[in-house]
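Written below as structure tokens is the structure these notes are about.
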Amino acid sequence: MTEIEKGATRAPLAQNFDAVVIGAGFAGLYALVRLRQLGLSARAIEAGEGVGGTWYWNRYPGARCDVESMQYSYSFSEELQQEWQWSERYPRQEEILRYINHVADRFDLRRDITLQTRVASATYDEGSALWHVQTDHGDTFTARFLISAAGCLSAAKVPDMTGLADFQGPWYHTGNWPHEKVDFRGQRVGVIGTGSSGIQLIPTIAREAKEVVVFQRTPNFSIPAWNRPLADEEQRQWKANYAENRAKARNTRSGILYDYSQRATFDASEPERQQEYERRWQKGGANYTHAFNDIFSNQLANDQAAEFVRNKIRGTVKDPHTAALLAPTDHSIGTKRICVDTDYYATFNLSHVSLVDLRATPISSIVPSGLQTSDQTYALDSLVFATGYDAVTGALDRIDLRGRGGQTLKAKWAQGPRTYLGLMVADFPNFFIITGPGSPSVLTNVIMAIEQHVDWIARCLEHMQAQGKTSAEPLASAENDWVDHVNQVASTTLFTKSNSWYMGANIPGKPRVLLPYVGGLGNYTAICEKVVADGYSGIALSAGVTQTA
Ligand code: N01
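Here the sequence shown is numbered in this note's numbering, starting from 1 and rising by one per residue.
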């Protein structure tokens, strides 16, 4: 990496590109690959000192993907998917980061990436029909196309807590973890948050720390990962059938080859149901929620699947009071992101691990020596926030992004995000969002969703080149129809009843809207294909101003 690429002390740049890409994670890198294939000049602007996005920032102990290695990888290059060797059933953060760095090198992408630089603002100039992009380094880039690869889980959220500035020890957020190893040996560690990150981190820290105090507001459902080394033969089998497997996965609702049942819960007898839940529990992972085809839509069906997991928790955690606190009763299983763990519940049997119920005794403040709840003060040497993200819209909200007439995206989305296909926004010409709100995004194997979006965008740009068009902008009516469709499909599910980050419920004041499209990746892809077959229906393609800045 050159000093200029590292960004720290470099002089501001001023340059014109065909496209500016925000972010160099999985989405940004693949966007660069496809833009280059079209002969377009592009620059990805990345806040991290390295590529990788989520996997660059999330270095917390125990960080691991909950989609299996053989599926959580790019499919666009047959050579790449054949040559890369994964080592475990579920990949560790370090391994994913190694993989994505390999991709950056293998496809020679680094020369088109500016690291350690944040996009501060992006303004559409109607006179020149160009996007004017400014960074926190004072760079000024212009581009016909602006492509957001900013990610759905990249705006880390540390809750406002009085006294944090006075805490005497170090504190960390899982989504912004230090690069050097944090040594918890001999420490009393407080962990706030029991979502996917907390559930992975708590057992790992507990192996090292002297004491772990877990501050839980809401318990989550978690299924064992049963992680293990990946056998050579299993890997060989996958690779022999990759093309077929990927094609099948693209047609599923989550972009993952799960064992999707076609059977409704109450079409099975009680013993058959228990047998099926047990079989899935023993297989491990999020496959559990597909045991029957009505778990996400029928409350009684969901209750059955949830009760099985609650019984597993009661059977694992020895102290009945702790077990009761860990067993979720406030939401339907799967409507908050299901967690996948290694030894999470059993960790609470360790004598140096304790659970504090924040519903009964809320946090009053952080104090210099630890954390104070409504009934006692906990002495802590360090504090971990596993408190999640301003998901899906947060990263774009943090950019001053303006379309026609100076309208900000933040203002346009004040009542909830409005997009066409989760990909484009009316009044924001030539702006594309990879895995934007209103697309399947976070409900899928996100790499599949990324590839589908980037391929669609690349085809749209190619079509524009061939037709001599320079501007693409969705019609307001098409956007309205899409938002209505997204909300209508959401209303048929149990998702809208949960206080989850899917619903924006974790961020005070955020509109309550199901952020991803829940119609499934396969159906969604078919809709996107129809838009193409109909000549980019719902999108105004025009040959406007063509000069460059
Ligand atoms: O964040 P979360 P996460 N006081 O929002 C609690 C992906 N991911 O980083 O539920 C006290 O799920 C909050 O409590 P509550 C995955 O998609 C994947 O864990 O709001 N507590 C909750 O317990 C995942 O869903 C992987 O009541 C507070 C926790 O913090 C997404 O990232 C691994 C609080 C936040 O949970 C986000 O997961 C990790 C407060 N003021 C992440 N504010 C894998 O692939 C928040 N909380 C395995």
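By construction, the Cβ of each residue, glycine as well, lies at the ideal position given by its N, Cα and C atoms.
Task: Boundaries of the alpha helix (DSSP H) in which residue 451 is found, first to last residue - done: Note, residue 451: alpha helix (DSSP H), 446-467.
Task: Distance cut-off 7 Å: residue 328 Cβ against heavy atoms of the ligand N01 - done: no
Task: Minimum C-alpha distance to residue 47 - residue among 253, 432, 213 and 155 - done: Residue nearest to residue 47 within the set 253, 432, 213 and 155 is 155 (criterion: CA-CA distance).
- [ ] Compute the Euclidean distance between the alpha carbons of residue 414 and residue 511, then round it to the nearest angstrom.
- [x] 7 Å
Open item on the list: Quick check on this structure: which residue in 215, 427, 251 and 157 has the alpha carbon closest to the alpha carbon of residue 508?
Closed with: 157
Open item on the list: Between 285, 282 and 276, which has its C-alpha nearest residue 293's C-alpha?
Closed with: Minimum Cα distance to residue 293 is reached at 276.
- [ ] Within 10 angstroms of the Cβ of residue 52, are there 16 or more other Cβ atoms? Answer buried if so, exposed if not.
- [x] Classification for residue 52: buried.
Open item on the list: So, with DSSP's three-state summary, where would you put residue 256?
Closed with: coil
- [ ] Compute every distance between the C-beta of residue 26 and the non-hydrogen atoms of the ligand N01, then say whether any falls below 7 Å.
- [x] no
- [ ] List the endpoints of the continuous alpha helix (DSSP H) containing residue 32.
- [x] 26-37
Open item on the list: Using C-beta distances below 7 Å, list every residue in its chain close to residue 551, excluding the 5 sequence neighbours before and after it, in chain order.
Closed with: In the structure as shown, the chain begins at 1 and stops at 549. Residue 551 is therefore absent and cannot be evaluated.
Open item on the list: Does the beta-carbon of residue 241, which I'm using as the reference point, lie nearer than 7 Å to any heavy atom of the ligand N01?
Closed with: no
Open item on the list: Quick check on the DSSP output: what are the complete beta strand (DSSP E) runs of length 3 or more inside the region 356-383, in order along the chain?
Closed with: 363-367, 370-373 and 377-379
Task: Residue of 165, 335 and 42 minimising C-alpha distance to residue 365 - done: 165
- [ ] To the nearest angstrom, report how far apart residue 544 and residue 118 are at their CA atoms.
- [x] 29 Å
Task: residue 425 versus residue 17: straight-line alpha-carbon distance, rounded - done: 21 Å
- [ ] Please report how far the alpha carbon of residue 214 lies from the alpha carbon of residue 192, in whole angstroms.
- [x] 6 Å
Open item on the list: Let me check you understand the geometry: is the CB of residue 287 closer than 7 Å to at least one non-hydrogen atom of the ligand N01?
Closed with: no
TODO: Check whether the Cβ atoms of residue 445 and residue 254 sit closer than 8 Å, and answer yes or no.
DONE: yes
- [ ] Have a look at 270, 69 and 147 and flag the residue whose alpha-carbon is nearest the alpha-carbon of residue 304.
- [x] 270
Task: Touch test, the region 299-315 against the region 169-188, Cβ-Cβ under 8 Å, three pairs minimum - done: The answer is no - the region 169-188 does not touch the region 299-315, with fewer than three Cβ pairs under 8 Å.
- [ ] For residue 235, collect the residues of the same chain with a Cβ closer than 8 Å to its Cβ; drop the 5 residues on either side in sequence, then sort them by chain order.
- [x] 70, 85 and 86
Open item on the list: Runs of 3 residues minimum, wholly inside the region 114-153: which ones carry the beta strand (DSSP E) assignment?
Closed with: 119-125, 130-135 and 140-148
Task: Cα-Cα separation, residue 108 to residue 33 - done: If you draw a straight line from the Cα of residue 108 to the Cα of residue 33, it comes to about 9 Å.
Task: Stretch pair the region 339-346 + the region 187-204: three plus CB contacts closer than 8 Å - done: yes
Open item on the list: Between residue 153 and the ligand N01, is there a pair consisting of the residue's CB and a ligand heavy atom that are separated by less than 7 Å?
Closed with: yes
Open item on the list: Given this structure, state the Cα-to-Cα distance separating residue 182 from residue 240, to the nearest angstrom.
Closed with: 41 Å
Open item on the list: According to DSSP, simplified to helix, strand and coil, what is residue 548?
Closed with: Caution is warranted here: a pLDDT of 40 is assigned to residue 548, below 50, making its placement in the model unreliable, and no coordinate value can be reported.
Task: Pairwise C-alpha distance: residue 352 and residue 427 - done: 56 Å
Open item on the list: Just list the residues that DSSP pairs residue 165 with in beta bridges.
Closed with: Note: residue 165 sits in no beta bridge, so no partner.
Task: Between the CA atoms of residue 488 and residue 297 - distance to the nearest angstrom - done: Taking the straight line joining both Cα atoms gives about 13 Å.
Open item on the list: Would you say the beta carbon of residue 198 is closer than 7 Å to some non-hydrogen atom of the ligand N01?
Closed with: The answer is yes for residue 198.
TODO: Measure the Cβ-Cβ separation of residue 517 and residue 422 and say whether it is below 8 Å.
DONE: yes
TODO: Taking the CB atoms as reference points, tell me whether residue 553 and residue 120 lie closer together than 8 Å.
DONE: Past the boundaries of the shown model lies residue 553; the chain is included only from 1 to 549, so the question cannot be answered.
TODO: Could you tell me the distance, in whole angstroms, from the CA atom of residue 532 to the CA atom of residue 301?
DONE: One C-alpha to the other measures close to 38 Å.
Open item on the list: Quick check: the Cα distance between residue 140 and residue 171, rounded to an integer number of angstroms?
Closed with: 35 Å
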